[in-house]
Structure formats: C-alpha cells, structure tokens
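K.L.:
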Amino acid sequence: MKKALLLGATGLVGKHLLQRLLDDPSYGTVVAFLRRPTGFKHSKLKEHIIDFDAPDKWQHLVEGDVLFLCLGTTRAKAGSKQAQYKVDHTYQYRFAEAASKNGVPTLLLVSSAGARLNARFFYMRMKAELERDIADLSIRNVVFVRPAGLTGARMEKRVGENIGVALMRLVNRFGIATKYRPIHADIVARAMLNAASEDTAGVNIFQLDEVFTLAGVD
C-alpha cells in the first residue's frame, strides 16, 4: 500500500482530500504536515506538527509515494503580498524540493485557473512561478490542477473570495467566462486522487474543464 504526504490538510481542498485518502484502500499511511493538530483520529493518519520556517527539522520526513500540495492563504489573512507568497510559494516549494531530494516519485499541486508568468493578477503570477519552479525539480510525475473559485465550507470566512465566487456564478448564468466557473473543493480533491493513481511521467496540467472530467463530473 502507498504512503501519501499531505500539506494543507485543514484547508478547503485538503480536508476533502484527507478524508478521501483515508477512505482509499490503496493508501496504507497518510502523513499530514501541520502547524497544529487537526483533532482527527484515524489508524492510517500520522500528523507532524512542524515549524514551516525550520525545514532542516522536517525535510527528512518528506518520504513516501505521493506528495499532495494544497496549502494556501489570502492576502487579507496573510497581511501582505510578501506574506502570502511565503505561504503559497515558499513553503510549498520547500516541500517539493525535499520530495525531490528524498525520491518521492509523484507530486500534485492545487494551482489556479489563469496561472501565467505574465498574468495581470499577483495570485495567478505567484501560482505560475510555483509551477515553473516545481517543474524544474527531479520528480518523475508532476501534476498541476488549475481550479477557479473554490466552493465548500471553510473553517475561516473569506469574504472577498466568497464575493468573487458569487459574481462568477452570476456571470456564468449567461455563458460567459466558463473557464473560471466555480468548482466544489471535493471535486478538486477527487480529481487529484484520480490523477495520482495514473502511471504517467513528466509535467501534466489539468485546466478547469479537465479537472471536472478527471473527477468524473460532467
């Protein structure tokens, strides 16, 4: 049975992915890296409470078959662009780098629709930079999923993001901007789990429509 490594287990996508990994018989161990305990108990679950700013203390623990990167925050919660970049890019890249050094063969990342290095918006540029940097590492199978606005119950309220999702729902009633239509976090989690089971090599990018298809949703 496989060993999964999960970053962002308490986030919107991560919590759904955690439950799916625990329910999947092909995974015997699920290792979550966290700032604080989830409070969730399961025989397959192992939690490492770490200091993300001290990689020398946890890099050796990033060993397994698949690394799922689902960590993220907002500029409002982080307090600045620089602080958001540290969480979304720096921390996740450090885990990817450790996975590469430790021989983890598969990595999956929650990126973003519209991720481009020359994108107008900071968030999309940041995701594109993370994709670029991870793609340069020596990992056999790399998967980037690019959802748009995520829906589902969060542990914290994100007012700006909720407004954005509501606006996209309204716009999409008229068939406009479908490539940015909202997607439920559990669909993203299901797509990532399915992608992890495929024996592929190289860098594979799943755009929003392909994420729905990968999850088995019409």
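Just so we're aligned, residue 67 is where the sequence shown starts under our numbering, counting upward by one. The C-beta atom is built at its ideal place from N, Cα and C for all residues, glycine as well.
1) Applying the 10 Å Cβ sphere with the 16-neighbour rule, what's the burial state of Glu264?
2) Would you report the Cα separation of Pro170 and Thr266, rounded to the nearest angstrom?
3) Skipping 5 residues on each side, what residues in its chain have a beta carbon closer than 6 Å to that of Gly70?
4) Quick one: what's got a C-beta closer than 6 Å to Phe118's C-beta in the same chain, skipping five residues either side?
5) Leu71 by DSSP, collapsed to three states: which one?
6) Under DSSP, the beta strand (DSSP E) around Asn207 begins and ends at which residues?
7) Note down, one range per segment and in chain order, each alpha helix (DSSP H) of at least 4 residues found wholly within the region 246 to 283.
8) Starting from Glu113, trace the beta strand (DSSP E) in both directions and tell me its first and last residue.
9) Could you check what DSSP says for Val128 in three-state terms: helix, strand or coil?
10) Do Arg212 and Phe278 come within 8 Å of each other at the CB atom, strictly closer than that value?
11) Closest by CA to Leu83, which one among Asn168, His250, Ser178, Leu274?
12) Sort Leu111, His108, Ile116 by Cα distance to Arg101 and report the nearest one.
13) Under three-state DSSP, which class holds Val176?
14) Assess contact between the region 202 to 217 and the region 252 to 261, defined as three or more Cβ pairs (one per stretch) separated by less than 8 Å. Is contact present?
15) Name the two residues that bound the continuous beta strand (DSSP E) containing Ala201.
16) Can you tell which of Asp284, Tyr151, Phe134, Glu113 has its C-alpha closest to the C-alpha of Ala142?
17) Quickly, what does DSSP pair Thr104 with across the bridge? List them, please.
18) How big is the Cα-Cα spacing for Gly77 and Thr139?
P.N.:
Taking the structure as given:
1) By one-based count along the sequence shown, residue 264 stands at place 198. The residue is exposed, with fewer than 16 neighbouring Cβ atoms inside 10 Å.
2) Taking the sequence shown and counting its residues from 1, the one referred to as residue 170 is at position 104. Taking the sequence shown and counting its residues from 1, the one referred to as residue 266 is at position 200. A small fix is needed here, since residue 170 is Val in this sequence, not Pro. Roughly 14 Å separates the two Cα atoms.
3) Taking the sequence shown and counting its residues from 1, one reaches residue 70 at position 4. Residue 70 is actually Ala in this sequence, not Gly. For Ala70, same chain residues with a beta-carbon under 6 Å away, outside a window of 5 residues either side, are Leu87, Tyr93, Val96, Val132 in chain order.
4) The residue given as residue 118 occupies position 52 in the sequence shown. Contacts found: Tyr157.
5) Mapped onto the sequence shown, residue 71 falls at position 5. Strand at Leu71.
6) Against the sequence shown, residue 207 aligns to sequence position 141. It spans 207 to 211 - the beta strand (DSSP E) in which Asn207 sits, taken as one unbroken run.
7) 251 to 262, 274 to 280
8) Within the sequence shown, the letter at position 47 stands for residue 113. Glu113 -> beta strand (DSSP E) spans 111 to 115.
9) Walking along the sequence shown from the start, residue 128 turns up at place 62. If DSSP states are grouped into helix, strand and coil, Val128 belongs with coil.
10) Indexing the sequence shown from 1 puts residue 278 at position 212. Indexing the sequence shown from 1 puts residue 212 at position 146. No, they are not a contact pair.
11) Sequence index remark: in the sequence shown, residue 83 carries index 17 (1-based). Cα-wise, what sits closest to Leu83 is His250.
12) Within the sequence shown, residue 101 is the residue found at index 35, counting from 1. Here the closest residue by C-alpha is Ile116.
13) As a working note, residue 176 is residue 110 in the sequence shown. Three-state result, Val176: strand.
14) yes
15) Taking the first residue of the sequence shown as 1, we reach residue 201 at position 135. It is not in any beta strand (DSSP E) - Ala201 instead sits in the alpha helix (DSSP H) that spans 188 to 201.
16) The residue given as residue 142 occupies position 76 in the sequence shown. Among Asp284, Tyr151, Phe134, Glu113, the Cα nearest to that of Ala142 belongs to Tyr151.
17) For the purposes of this step, residue 104 is taken as residue 38 along the sequence shown, with counting starting at 1. Answer by DSSP bridge pairing: none, since Thr104 is not bridged.
18) Within the sequence shown, residue 77 is the residue found at index 11, counting from 1. Within the sequence shown, residue 139 is the residue found at index 73, counting from 1. If you take the alpha carbons of Gly77 and Thr139, they lie about 9 Å apart.
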